[in-house]
Amino acid sequence: MSVDLKDLETTPTLSLDPFGEAEKEPEVPAAPAPEAVKPAFDESILNDDERKMVDSFAKQIDLTNNNMILQYGAGAQKKMADFSEAALENVRTKDLGEVGDMLSSVVTELKSFDAAEEQEKGFFGFFKKNANKLDTMKNKYDKAEENVTKIVKALQNHQVVLMKDIAMLDKMYELNKTYFKELSMYILAGKKKLQEVRENDLKELMEKAERSGLPEDAQEAKDLDSFCNRFEKKLHDLELTRMISLQTAPQIRLVQGNDTQMVEKIQSTVVNTIPLWKSQMVLALGVEHSRQAAESQREVTDMTNELLKKNAQTLKMATIETAKESERGIVDIETLKQTNESLISTLDEVLKIQAEGHEKRQAAEAEMQRLEDELKNKLLEIRR
2 MSVDLKDLET
12 TPTLSLDPFG
22 EAEKEPEVPA
32 APAPEAVKPA
42 FDESILNDDE
52 RKMVDSFAKQ
62 IDLTNNNMIL
72 QYGAGAQKKM
82 ADFSEAALEN
92 VRTKDLGEVG
102 DMLSSVVTEL
112 KSFDAAEEQE
122 KGFFGFFKKN
132 ANKLDTMKNK
142 YDKAEENVTK
152 IVKALQNHQV
162 VLMKDIAMLD
172 KMYELNKTYF
182 KELSMYILAG
192 KKKLQEVREN
202 DLKELMEKAE
212 RSGLPEDAQE
222 AKDLDSFCNR
232 FEKKLHDLEL
242 TRMISLQTAP
252 QIRLVQGNDT
262 QMVEKIQSTV
272 VNTIPLWKSQ
282 MVLALGVEHS
292 RQAAESQREV
302 TDMTNELLKK
312 NAQTLKMATI
322 ETAKESERGI
332 VDIETLKQTN
342 ESLISTLDEV
352 LKIQAEGHEK
362 RQAAEAEMQR
372 LEDELKNKLL
382 EIRR
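Note that my numbering gives residue 147 to position 146 of the sequence shown, counting from 1, and the numbers run on in steps of one.
Structure, rendered in structure tokens:
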């Protein structure tokens with residue numbers, strides 16, 4: 002069952018009946034031999050009122066009361082147990098590892114945005130690629146900003162919880178101081194009473210038993226000595242509880258210090274890292290705009306110069322060709338020369354063909370005359 006720190010007392014109280022029980026407990030067998038009484042605590046940790054309370058309380062202690070010995074300081078021990086349970090519940094329900102993971106997630110998200118991502122080169126795809134790069138940067142920034150905003154909101158919620166825990170740990174520390182002083186007062190009062198009984202009552206009973214030699218006197222001294230030994234062990238248990246309380250104080254401060262450091266880290270992330278990242282991203286987008294504008298201007302200038310050079314070369318070639326054509330005659334001399342040579346060759350061929358035809362016709366006429374004469378001769382031979 003969990004314990005609320007608000008229900009725990011914040012001022013030292015001393016009581017011989019912490020649980021409201023007045024019944025006598027069965028007598029416990031006595032311990033064998035008495036031990037030397039330990040020196041009382043230094044009373045400098047107590048103020049005047051607390052010293053008076055201790056002295057008054059010590060007078061009420063009855064070492065012959067079994068129930069009183071059993072219950073002595075039990076209330077303070079119960080408070081310390083309840084306090085330890087509350088402290089354990091606080092530590093168990095808190096997960097600082099989750100906060101650390103969130104801080105790491107912030108770093109991961111911030112690193113995911115790379116404003117200097119390299120792009121492919123080339124003039125024809127330049128404008129499209131630059132537009133795509135800028136859109137990519139904006140998309141990455143929007144996505145990272147959305148994730149970072151969610152993480153920061155969760156971190157701020159944890160920050161509120163941690164700050165409440167820090168305040169609660171202050172309360173726990175003050176409670177622990179109270180229980181430490183209360184245990185010290187129980188121990189101091191008990192040691193005073195124990196020392197008083199051993200130096201006075203027990204000493205008198207032992208002397209009485211030695212003088213009388215009666216067994217009942219010896220048993221009475223033995224019983225009181227057993228009560229003293231039991232009460233001394235009870236004080237030792239209280240000293241152990243007091244030591245636990247003493248060790249708890251630095252442990253509370255260590256936990257509180259861890260919480261404080263985590264709150265400071267969250268605060269630094271929220272008020273320094275995130276705004277710095279956003280300003281850097283805005284600058285990166287602005288630089289990218291300027292870079293793209295300058296690169297566009299450079300590409301346009303280079304293309305203009307290239308076009309001017311190409312146009313000048315084309316104009317030069319066209320002008321030269323036009324001038325050449327304008328200086329030429331309607332018919333080239335070479336063409337006339339070739340035509341003339343071809344005409345002369347044609348005439349020569351025609352004359353040659355005509356001469357050959359004349360010769361062939363003369364030969365044909367002679368041949369036909371021969372044939373005619375041959376035919377006439379043959380016909381004359383038939384008439385004879």
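The beta-carbon is built from N, C-alpha and C at its ideal position, and this holds for glycine as well.
A quick note: this is a predicted structure, and the numbers were derived from the prediction, not measured.
Helix, strand or coil at Asn215 [DSSP, three-state]: The residue you asked about is not Asn; residue 215 is Leu in the sequence shown. Leu215: coil per DSSP, three-state reduction.
I'd like the span of the alpha helix (DSSP H) that includes Asn66, first residue to last. Asn66 -> no alpha helix (DSSP H), and no H or E assigned at all.
Could you give the distance in angstroms between the alpha-carbon of Leu380 and the alpha-carbon of Lys361? 28 Å
Using beta-carbon positions only, say whether Met390 and Ile245 come within less than 8 Å of one another. Because the chain spans 2 through 385 in this model, residue 390 falls outside it and cannot be assessed.
Since I believe Leu64 is in contact with Met186 (beta carbons under 8 Å), could you give me their beta-carbon distance rounded to a whole number of angstroms? 18 Å between Cβ atoms; not a contact.
Drop a sphere of 10 angstroms on the beta-carbon of Ile188, count the other beta-carbons inside from all chains shown, and report buried for 16 or more, exposed for fewer. buried
Go ahead and label Leu236 buried or exposed: buried means 16 or more other beta carbons lie within 10 angstroms of its beta carbon, across all protein chains shown. buried
Cβ of Lys60 versus every heavy atom of the ligand SAM: is any distance shorter than 7 Å? The model depicted lacks the ligand SAM and carries no ligand whatsoever.
Which residue's Cα is closest to the Cα of Lys263: Gln196, Gly214, Leu156? This sequence places Met at residue 263; Lys is not what is there. Nearest to Met263 by C-alpha distance, out of Gln196, Gly214, Leu156, is Leu156.
Between Ala219, Lys192, Ile253, which lies nearest to Glu205 when the distance is taken from Cα to Cα? The candidate whose alpha carbon is nearest that of Glu205 is Ala219.
With a 10 Å radius around its C-beta and 16 neighbouring C-beta atoms as the bar for buried, classify Gln370 as buried or exposed. Under the 10 Å beta carbon count, Gln370 is surrounded by fewer than 16 other beta carbons and is classified as exposed.
What's the call for Val29, buried or exposed, on a 16-neighbour Cβ count within 10 Å? Note that Val29 scores 34 on pLDDT, short of 50, meaning its location in the model is unreliable; the coordinates nonetheless yield the value given after this. Exposed, since its Cβ has fewer than 16 Cβ neighbours within 10 Å.
For Gly74 versus Leu241, is the C-beta spacing smaller than 8 Å? For the 8 Å CB-CB criterion, Gly74 and Leu241 do not form a contact.
Should the region 250 to 264 be called in touch with the region 155 to 170, which here means at least 3 C-beta pairs below 8 Å? yes
Indicate the three-state DSSP secondary structure (helix, strand or coil) for Glu368 in the structure shown. helix
Under 7 Å Cβ to Cβ from Leu163, same chain only, skipping five residues before and after it: list those, please. Once the five neighbours on either side are set aside, the close Cβ partners of Leu163 are Asp260, Met263, Val264.
Whose C-alpha, out of Glu326, Ile62, Ala77, is nearest the C-alpha of Asn177? Among Glu326, Ile62, Ala77, the Cα nearest to that of Asn177 is on Ala77.
Going by beta-carbon coordinates alone, are Ala387 and Leu247 separated by less than 8 Å? No statement about residue 387 is possible, as the shown extent of the chain runs from 2 to 385 and does not include it.
Classification of Met207 by the beta-carbon crowding that lies within 10 angstroms, buried from 16 upward: buried
So which of Lys353, Ala365, Gly191 has the shortest CA-CA distance to Leu71? Gly191
Could you tell me if Ala87 is buried or exposed, where buried requires 16 or more neighbouring beta carbons within 10 angstroms of its beta carbon? buried
Which residue's Cα is closest to the Cα of Asp171: Cys229, Arg254, Glu233? Arg254
When the Cα atoms are used, what is the spatial distance from Val198 to Ala250? The straight-line gap separating the alpha-carbon atoms of Val198 and Ala250 is approximately 34 Å.
Given a threshold of 16 other Cβ atoms within 10 Å of its Cβ, counted over all protein chains shown, does Val149 qualify as buried or as exposed? Its Cβ being crowded by 16 or more others within 10 Å, Val149 is buried.
Answer yes or no: do Arg231 and Phe181 have a C-beta to C-beta separation smaller than 8 Å? no
Considering only C-alpha positions, which residue in the set Phe58, Glu51, Ile152, Ser45 is nearest to Ile275? Ile152
Using the three-state DSSP reduction, which class does Asn201 fall into: helix, strand or coil? coil
Smallest Cα separation from Glu166: which of Gly258, Ser213, Leu215, Lys311? Correcting the residue identity first, residue 166 is Asp in this sequence and not Glu. With distances taken between Cα atoms, Asp166 lies closest to Gly258.
When burial is assigned at 16 or more other CB atoms within 10 Å of the CB, is Met282 buried or exposed? Buried.
Let me know if Ala59 comes out buried or exposed under the rule of 16 or more other beta-carbons within 10 Å of its beta-carbon. buried
Does the beta-carbon of Val256 have 16 or more other beta-carbons within 10 angstroms, so that it is buried, or is it exposed? buried
Report the three-state DSSP secondary structure of Asn48 (helix, strand or coil). coil
Could you give the distance in angstroms between the alpha-carbon of Arg285 and the alpha-carbon of Arg299? Here residue 285 is Ala; the residue named in the question, Arg, does not match the sequence. Inter-residue distance for Ala285 and Arg299 is about 21 Å (C-alpha atoms, whole angstroms).
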